[in-house]
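K.L.:
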Amino acid sequence: MSEARNALVTGGTRGLGLAVARRLAAEGWSTTVFGLDQGRLEKVRAMARSEGLDLHAVRADVTSEESVRQAVADLTRTRPLHLCVNNAGRNLSRLLLRTPRDGGGELLTHPLDDWERTLRLCLTGVFLVGREAAASMVRHEVPGVIVNVSSGLACGAYGQSAYTAAKAGVEALTRTWSYELGPYGIRVVAVAPGVMDGEALREKSTAFPRHARYMEGLKRFVPLGRWAAEDEIADAVCFAADNPYLTGSVIRIDGGGPPGWVP
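Using full-length UniProt numbering, read the sequence shown as starting at 1 and increasing by one per residue.
#1: Got a sec? Which residues, its chain only, sit under 6 Å from SER178 by beta carbon, not counting five neighbours each side?
#2: Distance check for ASP231 and ILE251, CA to CA, integer angstroms please.
#3: Provide the residue(s) that pair with CYS238 in DSSP beta bridges, ordered along the chain.
#4: State the CB to CB distance for the pair ILE146 and PRO193, rounded to an integer number of angstroms; the pair is presumed to be in contact (CB under 8 Å).
#5: How about VAL129 and CYS84: are their beta carbons less than 8 Å apart?
#6: Which same chain residues end up closer than 6 Å to THR76 when comparing Cβ atoms and leaving out the 5 residues on each side of it in sequence?
#7: Are there 16 or more other CB atoms within 10 angstroms of the CB of ASP74, so buried, or fewer, so exposed?
#8: Contact defined as beta carbons within less than 8 Å: I believe ASN148 pairs with ASN86. What is the distance between those atoms, to the nearest angstrom?
#9: Entirely within the region 75 to 153 and at least 3 residues each: give me those beta strand (DSSP E) ranges in chain order.
#10: For ARG69 and LEU8, I'd like the C-alpha separation in whole angstroms.
#11: Using the beta-carbon count (16 or more within 10 Å), is PHE208 buried or exposed?
#12: Hey, could you find the ends of the alpha helix (DSSP H) LEU36 is sitting in?
#13: Could you name the residues of the same chain whose beta carbon sits closer than 6 Å to that of ALA60, not counting the 5 residues immediately before and after it, in chain order?
#14: When every heavy atom of the ligand SAH is checked, does at least one fall within less than 7 Å of the C-beta of ASN91?
#15: Ignoring anything shorter than 4 residues, give me the alpha helix (DSSP H) runs that lie fully in the region 201 to 231, in order along the chain.
#16: Please name the residue, chosen from LEU24, GLY225, GLU180, GLU171, that lies closest to ASP197 on a Cα-to-Cα basis.
#17: So, does the region 151 to 164 touch the region 93 to 111, judging by three or more C-beta pairs under 8 Å?
#18: Whole angstroms is fine: what's the gap from PRO263's alpha carbon to ARG220's?
#19: Output the distance between the C-alpha atoms of ARG120 and ALA165, rounded to the nearest integer angstrom.
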C-alpha cells in the first residue's frame with residue numbers, strides 16, 4: 001500500500017489482541033494498542049522495536065469516557081483512523097445462584113459488582129471506543145471499519161450471566177451501528193471466536209486442574225476436535241477489515257461448536 005492505514009486494537013497487550021495487532025502491523029498497518037498494564041505496554045514496545053514493526057502501545061482505560069476520548073483524540077490528531085478493533089474484555093464466571101458446598105448457610109447469589117464490572121469492560125468499553133472511533137472516521141471522511149470481538153458464548157452459557165449478556169449486546173451494537181454508520185461509508189463487523197488455546201486458557205487451566213479437565217471434555221463437542229489458535233482468529237479480523245462488502249455480520253469462528261458451555 002502506498003500510505004499506511006492506521007489501526008487501533010484495544011486490549012492489545014496480550015492474547016488475541018496482541019496477535020491481531022502483530023498481524024496488522026506485519027501486513028503494513030500502522031497499529032496502536034490500548035492497554036492498562038504498564039509492564040505489558042513496555043513489552044509490546046520492545047517487541048515492536050526488535051521485530052521492526054510499526055506498532056505502538058498507549059495506556060488507556062476503555063471503561064473511562066474521558067480516557068477514551070483523550071486517547072482517541074491524541075491518536076487521530078495528525079492522522080485518520082481506518083480500523084478499530086474492540087477486543088478488550090474479561091470473563092468472570094459466576095452462577096446466578098448457588099448453595100454453599102457444605103449445604104448450610106444462606107443461598108449465594110451473583111454479585112452485582114461482578115455483573116457491572118464485566119458489562120462495563122465488555123460492553124460499555126465497546127460503546128465508548130466505537131463511538132469515538134466512528135466520530136473520528138466521520139470527521140476525517142474516512143470509510144473506516146469497526147471490528148467488535150464477540151464470543152461463541154453470546155448465545156448463552158452455564159455460569160456466564162454477565163459475559164454472555166455483554167457479548168450478545170456487542171453483536172446487537174454491531175448490527176445497529178452497521179445501519180447507522182453505513183451512510184458514512186463505515187463498516188461494522190463482529191468476530192465471535194470459540195475457545196482459544198491461548199495464554200488466558202493455559203493460565204486458568206494451570207491454576208485450576210478441575211477447569212482443565214472440564215475444558216478437555218468439552219472438545220468432544222467440537223467437530224474439529226481442538227480449540228482455535230489465536231492467529232486463526234486474527235485471520236478472521238483481518239478478513240473483516242479488508243472485505244469491502246461485509247458489514248452488520250457476525251463471523252463465527254468456533255470449529256463448529258460447542259454452541260454454549262454446559263455443566
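From the three backbone atoms N, C-alpha and C, an ideal C-beta is built for every residue, glycine too. Remember, predicted model here, so these are calculated numbers, not experimental data.
P.N.:
Once the coordinates are examined:
#1: Here the question's residue 178 lines up with position 178 in the sequence shown. Correct list, in chain order: VAL188, THR247, GLY248.
#2: Along the sequence shown, read from residue 1 onward, the residue named residue 251 stands at position 251. Along the sequence shown, read from residue 1 onward, the residue named residue 231 stands at position 231. Going by the C-alpha atoms only, they are around 15 Å apart.
#3: Looking up residue 238 in the sequence shown gives position 238. CYS238 is not bridged to any residue.
#4: Residue 146 sits at position 146 when you count from the first residue of the sequence shown. Residue 193 sits at position 193 when you count from the first residue of the sequence shown. ILE146 to PRO193, Cβ: 17 Å. No contact.
#5: As a working note, residue 129 is residue 129 in the sequence shown. As a working note, residue 84 is residue 84 in the sequence shown. Cβ distance < 8 Å, so VAL129 and CYS84 count as in contact.
#6: Within the sequence shown, numbered from 1, the residue matching residue 76 stands at position 76. These residues qualify, in order along the chain: SER136.
#7: Here residue 74 is taken as the residue at index 74 of the sequence shown, counted from 1. Flag for ASP74 reads exposed.
#8: Against the sequence shown, residue 148 aligns to sequence position 148. Against the sequence shown, residue 86 aligns to sequence position 86. Sure, about 5 Å apart at Cβ, within 8 Å.
#9: 83 to 86, 145 to 149
#10: In the sequence shown, counting from the first residue as 1, residue 69 sits at position 69. In the sequence shown, counting from the first residue as 1, residue 8 sits at position 8. Each residue's Cα considered, the two are about 14 Å apart.
#11: In the sequence shown, residue 208 corresponds to position 208, counting from 1. Exposed, since its Cβ has fewer than 16 Cβ neighbours within 10 Å.
#12: Position 36 of the sequence shown, counting from 1, holds the residue named residue 36. Run containing LEU36: none; DSSP gives neither H nor E here.
#13: As a position in the sequence shown, residue 60 is number 60, starting the count at 1. Closer than 6 Å at Cβ, skipping near neighbours: PHE34, SER67, ALA71.
#14: The ligand SAH is not part of this structure, which contains no ligands at all.
#15: 209 to 218
#16: Counting from one through the sequence shown, the residue named residue 197 turns up at place 197. Of the candidates LEU24, GLY225, GLU180, GLU171, the one whose C-alpha sits nearest the C-alpha of ASP197 is GLY225.
#17: yes
#18: As a first step, residue 263 is located in the sequence shown; it is residue number 263 there, counting from the start. As a first step, residue 220 is located in the sequence shown; it is residue number 220 there, counting from the start. With a pLDDT of only 49 at PRO263, under 50, the local geometry of the prediction cannot be trusted, and the value read off the model is given with reservation. So the alpha carbons of these two residues sit roughly 14 Å apart.
#19: Residue mapping note: residue 120 aligns to position 120 of the sequence shown, counting from 1. Residue mapping note: residue 165 aligns to position 165 of the sequence shown, counting from 1. Roughly 11 Å between the two C-alpha positions.
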